[in-house]
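Reading through the structure tokens given below for one structure.
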Amino acid sequence: MLEDKNQEKTSLEKLGEFGLIDHLTQHFKIQHKSTIKGIGDDAAVLDFKDKKTLVSTDLLIEGIHFDLSYMPLKHLGYKAVMVNLSDVYAMNARATQITVSVAVSNRFPLEALEEFYSGITLACELYKIDLVGGDTTSSTTGMIISITAIGEAVEEDIVYRSGAKPNDLLVVSGDLGAAYMGLQVLKREKEVFKVNPNNQPDLSAYSYIIERQLKPEARKDVVELLGKLNIKPTSMIDISDGLSSEILHLCKQGEVGCNLFEDKIPLDPTVISACEEFKLDSTLVALSGGEDYELLFTIDQKKFPDLKGNPNFTVVGHITDKHEGAHLISRNNSKIPLTAQGWNSFAKA
Ligand code: ADP
Ligand code: MG
74 MLEDKNQEKT SLEKLGEFGL IDHLTQHFKI QHKSTIKGIG DDAAVLDFKD KKTLVSTDLL
134 IEGIHFDLSY MPLKHLGYKA VMVNLSDVYA MNARATQITV SVAVSNRFPL EALEEFYSGI
194 TLACELYKID LVGGDTTSST TGMIISITAI GEAVEEDIVY RSGAKPNDLL VVSGDLGAAY
254 MGLQVLKREK EVFKVNPNNQ PDLSAYSYII ERQLKPEARK DVVELLGKLN IKPTSMIDIS
314 DGLSSEILHL CKQGEVGCNL FEDKIPLDPT VISACEEFKL DSTLVALSGG EDYELLFTID
374 QKKFPDLKGN PNFTVVGHIT DKHEGAHLIS RNNSKIPLTA QGWNSFAKA
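Going left to right, the sequence shown walks through residues 74 to 422 as my numbering numbers them.
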């Protein structure tokens with residue numbers, strides 16, 4: 074689709090690498106005192122004073138992690154930032170800077186990269202993030218994006234994946250499975266479009282799940298809320314690969330077991346109806362779907378009154394001794410071992 078319109082668009086060759094970098098990054102403003110030097114030198118200079126620095130990076134490859142036939146570039150830019158910020162928030166830290174590296178082939182005109190950067194701009198504005206650097210190069214085939222997120226926290230606040238203790242409660246923010254079901258709808262529409270390009274689909278019934286797939290939000294608000302509630306989780310992880318795989322990470326690193334209750338898993342009603350339509354089991358979708366970018370954490374039972382009744386949180390289970398293993402307690406009360414069916418980029422389709 075991009076090729077057809079390239080005639081009226083600006084080729085990247087015209088600008089050259091430095092012109093392109095300038096053009097794409099000129100409007101970004103520095104918002105943090107910790108950013109001493111941002112874009113424009115050989116390296117960014119940051120100063121976190123007496124705080125600890127957190128660094129997390131992700132690589133996104135066209136055709137593996139995203140499909141431009143249903144992912145608008147603006148959304149892709151926004152989502153690529155969210156995916157990285159989510160990892161910093163999962164440490165109970167504040168995200169402050171990002172670097173963005175991108176490789177594209179000559180099928181991408183300047184306007185395509187402008188779209189991509191408009192999503193990055195929006196994410197930086199809404200989440201108060203400084204863009205402090207990156208790299209720009211060409212690719213022979215698809216688009217490649219690598220974003221590094223940097224954050225800060227006082228040492229005592231940092232929450233690791235390890236640290237869950239028997240009898241701790243297992244808590245998730247938001248609801249699960251929506252991003253995966255949004256992807257199913259988008260994939261189906263792509264097939265319909267191939268057969269009948271004139272078909273104008275009415276996707277309004279799916280707007281929530283499609284938005285969760287195309288425009289996820291990292292849970293900065295949850296980290297702030299936990300701070301206000303004076304709750305420091307004993308362990309935490311973000312849900313990128315599906316609840317099951319993330320729970321197993323917490324159990325493994327904390328050397329504990331857990332019971333997860335199927336009837337407690339938070340599901341949006343539109344996820345339940347989409348699962349019925351696609352003949353998928355909603356529990357399996359929540360366990361293995363991925364890309365929810367919610368936070369999964371454990372808290373001491375004593376802290377339960379502090380988050381009880383808060384609509385942002387659902388207690389889905391509790392931590393047990395290691396030898397008890399990690400289980401799903403199903404609706405009919407059978408005990409099923411949890412397996413990591415998390416999304417595996419090396420699995421054969
Ligand atoms: P170098 O030759 O040292 O790699 P570059 O010319 O690639 O330097 O980059 C110049 C400046 O622009 C650096 O500050 C770099 O971090 C920044 N930069 C390069 N590409 C991007 C990008 N895609 N997004 C944001 N900043 C970028
Ligand atoms: Mg460079």
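C-beta atoms are modelled at their ideal positions from N, C-alpha and C, and glycine is treated no differently. Predicted model, so just to flag it, every value in this text is computed and none were measured.
### Task
Report yes if the C-beta distance between L333 and L204 is below 8 Å; otherwise report no.
Here residue 333 corresponds to residue number 260 of the sequence shown, with the count starting at 1. Here residue 204 corresponds to residue number 131 of the sequence shown, with the count starting at 1. No, the pair does not count as a contact, with Cβ atoms beyond the cut-off.
- C-beta neighbour in chain C for M164, strict 8 Å: Structure shown: chain C not included; a single protein chain is present.
Q | Residues near E76 in its chain [Cβ-Cβ closer than 7 Å; skip 5 each side] | A | Reading the sequence shown from its first residue, position 3 is the one you call residue 76. Below a pLDDT of 50, predicted positions are generally treated as unreliable, and E76, at 48, falls in that range; the measurement from the model is reported next regardless. Within the same chain, E76 has close Cβ partners R180.
**Asked** Below 8 Å between beta carbons: does that hold for V329 and T393?
**Response** Along the sequence shown, one-based indexing puts residue 329 at 256. Along the sequence shown, one-based indexing puts residue 393 at 320. Contact flag set, yes.
**Asked** Is it right to say S407 is buried, meaning 16 or more other beta carbons lie within 10 angstroms of its own, or is it exposed?
**Response** On the sequence shown, position 334 is the one that residue 407 refers to. With fewer than 16 other Cβ atoms within 10 Å, it is exposed.
Item to check | C-beta atoms of L321 and A399 nearer than 8 Å | outcome: For this step, residue 321 is matched to residue 248 along the sequence shown. For this step, residue 399 is matched to residue 326 along the sequence shown. Cβ distance < 8 Å, so L321 and A399 count as in contact.
- Cα-Cα separation between D275 and V258, rounded to whole angstroms: Within the sequence shown, residue 275 is the residue found at index 202, counting from 1. Within the sequence shown, residue 258 is the residue found at index 185, counting from 1. Cα-Cα distance, rounded: 11 Å.
- request: Using beta-carbon positions only, say whether K288 and H396 come within less than 8 Å of one another.
  value: On the sequence shown, position 215 is the one that residue 288 refers to. On the sequence shown, position 323 is the one that residue 396 refers to. Result no, Cβ atoms of K288 and H396 do not sit closer than 8 Å.
| Using a threshold of 7 Å, is the CB atom of T194 nearer than that to any non-hydrogen atom of the ligand ADP? | For the purposes of this step, residue 194 is taken as residue 121 along the sequence shown, with counting starting at 1. T194: no, Cβ never under 7 Å from the ligand ADP.
### Query
Can the beta-carbon of Y162 be found closer than 8 Å to that of L357?
On the sequence shown, position 89 is the one that residue 162 refers to. On the sequence shown, position 284 is the one that residue 357 refers to. Against a cut-off of 8 Å, the Cβ pair of L357 and Y162 comes out as no contact.
Next on the checklist: For a test of the three-state rule: what should DSSP assign to L411, helix, strand or coil?
Outcome noted: Here residue 411 corresponds to residue number 338 of the sequence shown, with the count starting at 1. If DSSP states are grouped into helix, strand and coil, L411 belongs with coil.
*Got a sec? Which residues, its chain only, sit under 7 Å from L401 by beta carbon, not counting five neighbours each side?*
Locating residue 401 in the sequence shown gives position 328, counting from the first residue. Around L401: L333, E335, I409, L411.
Please tell me whether I218 and V175 are closer than 8 Å, where the distance is taken between their beta carbons.
Counted from its first residue, the sequence shown places residue 218 at position 145. Counted from its first residue, the sequence shown places residue 175 at position 102. Taking 8 Å as the Cβ cut-off, I218 and V175 qualify as a contacting pair.
Query raised in the report: What is the rounded straight-line gap between the Cα of S159 and the Cα of T221?
Result: As a working mapping, residue 159 is identified with position 86 in the sequence shown. As a working mapping, residue 221 is identified with position 148 in the sequence shown. Using only the alpha carbons, I get a separation of about 12 Å.
Candidates Y200, T209, E184: which alpha carbon is nearest K152's?
As a position in the sequence shown, residue 152 is number 79, starting the count at 1. Checking every option, the nearest Cα to that of K152 belongs to Y200.
I want to check one thing, is the minimum distance from the CB of V154 to the heavy atoms of the ligand ADP below 7 Å? In the sequence shown, counting from the first residue as 1, residue 154 sits at position 81. Result no, Cβ not under 7 Å from the ligand ADP.
**Q.** Euclidean distance between Cα positions of D311 and E319
**A.** What you label residue 311 is simply residue 238 of the sequence shown in a count that begins at 1. What you label residue 319 is simply residue 246 of the sequence shown in a count that begins at 1. The alpha-carbon atoms of D311 and E319 are separated by roughly 8 Å.
| message | Under 8 Å: do the segment 255-272 and the segment 191-200 share three or more Cβ pairs, one atom per stretch? | response | no
- prompt: Is there at least one non-hydrogen atom of the ligand ADP closer than 7 Å to the beta-carbon of G363?
  reply: Position 290 of the sequence shown holds residue 363. No, Cβ of G363 sits at least 7 Å from all heavy atoms of the ligand ADP.
**Request:** Check M309 in the structure and name its three-state DSSP category.
**Result:** Residue 309 sits at position 236 when you count from the first residue of the sequence shown. Strand, per DSSP.
For this session: Let me know the secondary structure DSSP gives K201 once reduced to three states.
Result: Here residue 201 refers to the residue found at position 128 when the sequence shown is read from its first residue. K201: coil per DSSP, three-state reduction.
Which runs of the beta strand (DSSP E) fall wholly inside the segment 245-315 and span at least 3 residues, in chain order?
308-312
**Message:** Can you determine whether any heavy atom of the ligand ADP sits closer than 7 Å to the C-beta of L204, and answer yes or no?
**Reply:** Start at 1 with the first residue of the sequence shown, and residue 204 comes out as number 131. L204: yes, Cβ under 7 Å from the ligand ADP.
inquiry  = Would the segment 367-387 count as touching the segment 286-300 if we require 3 or more Cβ pairs under 8 Å?
reply    = yes
Just how far apart, CA to CA, sit V86 and V177?
In the sequence shown, counting from the first residue as 1, residue 86 sits at position 13. In the sequence shown, counting from the first residue as 1, residue 177 sits at position 104. Per the sequence shown, residue 86 should be read as Glu rather than Val. If I take the Cα positions, the gap works out to 12 Å.
### Straight-line gap, S277 to S142 (C-alpha atoms, nearest Å)
Sequence index remark: in the sequence shown, residue 277 carries index 204 (1-based). Sequence index remark: in the sequence shown, residue 142 carries index 69 (1-based). Answer to the nearest angstrom: the Cα atoms are 19 Å apart.
Between K102, E187, S235, D131, which lies nearest to T371 when the distance is taken from Cα to Cα?
Locating residue 371 in the sequence shown gives position 298, where the first residue counts as 1. It is S235 whose Cα lies nearest to the Cα of T371.
Looking at F91 and the ligand ADP, is the gap between the Cβ and the nearest heavy atom below 7 Å?
On the sequence shown, position 18 is the one that residue 91 refers to. Yes, Cβ of F91 sits closer than 7 Å to a heavy atom of the ligand ADP.
**Asked** Quick one: what's D131 bridged to in DSSP?
**Response** Against the sequence shown, residue 131 aligns to sequence position 58. D131 is bridged to I220.
Buried versus exposed, by CB contacts within 10 Å (16 or more), E198
As a first step, residue 198 is located in the sequence shown; it is residue number 125 there, counting from the start. It is exposed - the Cβ of E198 has fewer than 16 other Cβ atoms within 10 Å.
Looking at the ligand ADP, does it come within less than 7 Å of V173, judged from the CB to the closest heavy atom? Here the question's residue 173 lines up with position 100 in the sequence shown. Yes; taking the cut-off as 7 Å, the Cβ of V173 has a heavy atom of the ligand ADP nearer than that.
- Among V344, N272, Q99, E225, nearest to G250 - alpha-carbon criterion: Translated into positions along the sequence shown, residue 250 becomes position 177. It is V344 whose Cα lies nearest to the Cα of G250.
Notebook entry, point to check: Which one of E135, L316, L360 has the shortest CA to CA distance from G215?
Noted result: Taking the sequence shown and counting its residues from 1, the one referred to as residue 215 is at position 142. Nearest of E135, L316, L360 to G215, Cα basis: E135.
For this session: Check whether the Cβ of I223 sits closer than 7 Å to any heavy atom of the ligand ATP, and report yes or no.
Result: As for the ligand ATP, it is missing from this structure, which binds only the ligand ADP and the ligand MG.
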